[in-house]
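Asker: Once you've had a glance at the structure underneath, I'll fire off some questions.
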Amino acid sequence: MDKVLKNATILDDSFSFVIADIGVSADKICYVGDLPNEDCEIIDLGGKIIVPGLVDIHTHGCLGLDSADCQNSDEISIMRDFYASHGVTTYLATVTTSAKIDTETAIELLSKAKSENKGANIGGIHMEGPYFSKERKGAQNPDYLRLPDVCEFDELFDLSDGGIKLISVAPELDGAYDFISKISQKCAVSIGHTDADYDTGCRAIECGASVMTHTFNAMRPLLHRAPGAVGAALEHGIFCEFICDGFHIDKAVIRIMYKLLGDEKMCLISDSIRAAGMADGEYSLAGLPFFVKNGKAHLSDGTIAGSTVTLYDCVKNAIDFGIPANSAFKMASLTPATACGISEECGSISVGKRADLLVLDEEYNIEKIMIRGSFYK
793 MDKVLKNATI
803 LDDSFSFVIA
813 DIGVSADKIC
823 YVGDLPNEDC
833 EIIDLGGKII
843 VPGLVDIHTH
853 GCLGLDSADC
863 QNSDEISIMR
873 DFYASHGVTT
883 YLATVTTSAK
893 IDTETAIELL
903 SKAKSENKGA
913 NIGGIHMEGP
923 YFSKERKGAQ
933 NPDYLRLPDV
943 CEFDELFDLS
953 DGGIKLISVA
963 PELDGAYDFI
973 SKISQKCAVS
983 IGHTDADYDT
993 GCRAIECGAS
1003 VMTHTFNAMR
1013 PLLHRAPGAV
1023 GAALEHGIFC
1033 EFICDGFHID
1043 KAVIRIMYKL
1053 LGDEKMCLIS
1063 DSIRAAGMAD
1073 GEYSLAGLPF
1083 FVKNGKAHLS
1093 DGTIAGSTVT
1103 LYDCVKNAID
1113 FGIPANSAFK
1123 MASLTPATAC
1133 GISEECGSIS
1143 VGKRADLLVL
1153 DEEYNIEKIM
1163 IRGSFYK
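Following this note's numbering, the numbering of the sequence shown begins with 793 at its first residue and continues without gaps.
In structure tokens, the structure reads:
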């Protein structure tokens, strides 16, 4: 054991706040409980709160950079530093719809960077596209939308060395059911950017879809006579992403969804774009210009174009909206990690998992960040 974190209230692996010590060996948590003084470094946290590092499974970029078009590992490191400094210790680098050659370049670069211990951990890749509905394209570039292609995905999956952990797809497209059935054996499949009706949504779930991409956004609305894919997702209780920035979804809907899904299936995401951490102005997303005013991003036609918030902002918002703090943190750590199949390595304060921890004050402001067993900067 290298170090012990003592005198703190921790959010344990059942997501209850308890008083306990945390033992760290190298980059892993090796003990949780009441530890006597050990012959190692003792870190007295003076009654602070410790929660798991956050896991953002849907974030495109920040600081003017985007995972889909980074030019080198240095740019990826800049993003990883930003995520880490804002409490996100693991993320899925989210690659949006673009030309196949550009997607290949991005995946190859991200896969190489994944093994580097710099800033936040790259838990894998989220392919948000290109198999989407043109009717519900949102801020996806329509020039590159296409039908689901198992062979194309297999090539990209191999290029990622198995690093693609999540792919979003519109299930109403030709060939989508077969695609979902086959690809869900390799990674999690999410229903997104879809004009699917209820029956199509149910069929997609039966075929293996287990997640819904930014629920309510870029899809048919849930109506009392036409529940759509949202109704299918909620009825079947699959994992559902929510952008909790107070702009994409009303706070009352966040509370309603929490009552319906609970913290086991509700995933908070940022869906942050390259404008996160930047001033208002004009930017681009997959070749499409967008504009940020008062922190809100839109295409020229008024379509919402992702968010400029961090996942920690979303957690604080959820708490402000009335979600219990322990659940808010779970929905931004263990639940999303489980949704994309990386919960064995991160997402909770559990023995054997990476020592990715946040030390907070009593108002849940971040004071210290531990990544891979070392305090970050």
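The beta carbon of each residue, even a glycine, is placed where N, CA and C say it ideally should be.
Quick caveat: nothing in here was measured; it's all calculated off a predicted structure.
Applying the criterion that 16 or more other CB atoms from any shown protein chain within 10 Å of the CB defines a buried residue, is Leu846 buried or exposed?
Answerer: In the sequence shown, the residue the question calls residue 846 occupies position 54. Buried.
Asker: Measuring straight from C-alpha to C-alpha, what distance separates Cys862 and Thr1127?
Answerer: As a first step, residue 862 must be located in the sequence shown, where it is residue number 70. As a first step, residue 1127 must be located in the sequence shown, where it is residue number 335. Near 28 Å, if we compare the C-alpha coordinates of Thr1127 and Cys862.
Asker: Compare the Cα-Cα distances from Tyr990 to each of Val961, Gly1020, Met919, Glu1056 and report the closest residue.
Answerer: For the purposes of this step, residue 990 is taken as residue 198 along the sequence shown, with counting starting at 1. Ranking Val961, Gly1020, Met919, Glu1056 by Cα distance to Tyr990 puts Gly1020 first.
Asker: How is the alpha helix (DSSP H) around Asp894 delimited, first residue to last?
Answerer: Residue numbering aside, residue 894 sits at position 102 when the sequence shown is read from its first letter. 892 to 905 is the extent of the alpha helix (DSSP H) around Asp894.
Asker: When we look at the beta-carbon of Glu1155 and count the other beta-carbons within 10 Å, is it buried (16 or more) or exposed?
Answerer: One-based indexing of the sequence shown puts residue 1155 at position 363. Exposed, since its Cβ has fewer than 16 Cβ neighbours within 10 Å.
Asker: Please check the pair Leu797 and Ala931, which I expect to be a contact at CB under 8 Å, by giving their CB distance rounded to whole angstroms.
Answerer: Stepping through the sequence shown from its first residue, residue 797 is reached at position 5. Stepping through the sequence shown from its first residue, residue 931 is reached at position 139. The beta carbons of Leu797 and Ala931 sit about 41 Å from each other, so the pair does not count as a contact at 8 Å.
Asker: So what does Gly815 bridge to, in DSSP terms?
Answerer: Here residue 815 corresponds to residue number 23 of the sequence shown, with the count starting at 1. Looking at the DSSP assignment, Gly815 forms a beta bridge with Val796, Tyr823.
Asker: Near Lys1085, what residues of its chain come up, given a Cβ to Cβ distance below 8 Å and the 5 sequence neighbours on each side ignored?
Answerer: As a first step, residue 1085 must be located in the sequence shown, where it is residue number 293. So the qualifying residues of the chain are Asp1072.
Asker: For Ser806, tell me which candidate among Asn1118, Asn864, Asp866 has the shortest Cα-Cα distance.
Answerer: For this step, residue 806 is matched to residue 14 along the sequence shown. Checking every option, the nearest Cα to that of Ser806 belongs to Asn1118.
Asker: Just mark Cys1036 as buried or exposed, buried being the case when its beta carbon has 16 or more other beta carbons within 10 Å.
Answerer: By 1-based counting over the sequence shown, the position of residue 1036 is 244. Classification of Cys1036: buried, given that the 10 Å Cβ count is 16 or more.
Asker: Within 8 Å (strictly less), CB to CB, does Ile868 reach chain B?
Answerer: Of the protein chains in the structure, only one exists, and it is not chain B.
Asker: Taking all protein chains shown into account, do 16 or more other C-beta atoms lie within 10 angstroms of the C-beta of His1016, making it buried, or fewer, making it exposed?
Answerer: On the sequence shown, position 224 is the one that residue 1016 refers to. Classification of His1016: exposed, given that the 10 Å Cβ count is below 16.
Asker: Answer with buried or exposed for Asp858, where buried requires no fewer than 16 other C-beta atoms within 10 angstroms of its C-beta.
Answerer: Taking the first residue of the sequence shown as 1, we reach residue 858 at position 66. Burial call: buried.
Asker: Tell me which same chain residues have a C-beta within less than 6 Å of the C-beta of Glu920, skipping the five on either side of it?
Answerer: Residue mapping note: residue 920 aligns to position 128 of the sequence shown, counting from 1. Take Glu920, set aside five residues on each side of it, and the residues of its chain with a beta-carbon closer than 6 Å to its own are Thr886, Thr888, Ser960, in chain order.
Asker: Would you mind working out which of Lys906, Met793, Ala1067, Val981 sits nearest Asp819, comparing C-alpha positions?
Answerer: Taking the sequence shown and counting its residues from 1, one reaches residue 819 at position 27. Among Lys906, Met793, Ala1067, Val981, the Cα nearest to that of Asp819 belongs to Met793.
Asker: Would Gly984 and His1006 be called neighbours here (beta carbons separated by less than 8 Å)?
Answerer: For the purposes of this step, residue 984 is taken as the residue at position 192 of the sequence shown. For the purposes of this step, residue 1006 is taken as the residue at position 214 of the sequence shown. Going by C-beta atoms, Gly984 is nearer than 8 Å to His1006.
Asker: Flag this pair as touching only if the region 1101 to 1116 and the region 889 to 897 have three or more C-beta atom pairs under 8 Å; answer yes or no.
Answerer: no
Asker: Taking the beta carbon of Asn799 as the centre, do at least 16 other beta carbons fall within 10 Å, making it buried, or is it exposed?
Answerer: Position 7 of the sequence shown holds residue 799. That one is exposed.
Asker: Indicate the three-state DSSP secondary structure (helix, strand or coil) for Val1101 in the structure shown.
Answerer: The sequence position of residue 1101 within the sequence shown is 309, counting from 1. Coil at Val1101, not helix or strand.
Asker: Can you name, in chain order, every residue of its own chain whose Cβ lies under 8 Å from the Cβ of Ala1018, other than the five neighbours on each side?
Answerer: The residue given as residue 1018 occupies position 226 in the sequence shown. Taken in chain order, the residues that qualify are Asp989, Tyr990, Arg1012.
Asker: Using the Cα positions of Ser865 and Ala905, report the straight-line distance between them to the nearest angstrom.
Answerer: Position 73 of the sequence shown, counting from 1, holds the residue named residue 865. Position 113 of the sequence shown, counting from 1, holds the residue named residue 905. Each residue's alpha carbon lies about 6 Å from the other.
Asker: Buried or exposed for Ile917, going by 16 or more other Cβ atoms inside 10 Å?
Answerer: Within the sequence shown, residue 917 is the residue found at index 125, counting from 1. Ile917 comes out buried.
Asker: Can you tell me which of the three DSSP states Val1022 falls into?
Answerer: As a first step, residue 1022 is located in the sequence shown; it is residue number 230 there, counting from the start. In the structure shown, Val1022 sits in a helix (DSSP, three-state: H, G or I).
Asker: Residues in its own chain within less than 8 Å of Leu1152 by CB, not counting five upstream and five downstream?
Answerer: In the sequence shown, the residue the question calls residue 1152 occupies position 360. Closer than 8 Å at the Cβ level, and outside the excluded window around Leu1152, lie Lys840, Ile841, Ile842, Val843, Ile1158, Glu1159.
Asker: Less than 8 Å separating the beta-carbons of Ala1120 and Val1107?
Answerer: As a first step, residue 1120 is located in the sequence shown; it is residue number 328 there, counting from the start. As a first step, residue 1107 is located in the sequence shown; it is residue number 315 there, counting from the start. Yes, the Cβ-Cβ distance between Ala1120 and Val1107 is below 8 Å.
Asker: When you compare only the Cα positions, how much space is there between Ile1134 and Ile870?
Answerer: If you number the sequence shown from 1, residue 1134 lands on position 342. If you number the sequence shown from 1, residue 870 lands on position 78. Those two C-alpha atoms are separated by around 23 Å.
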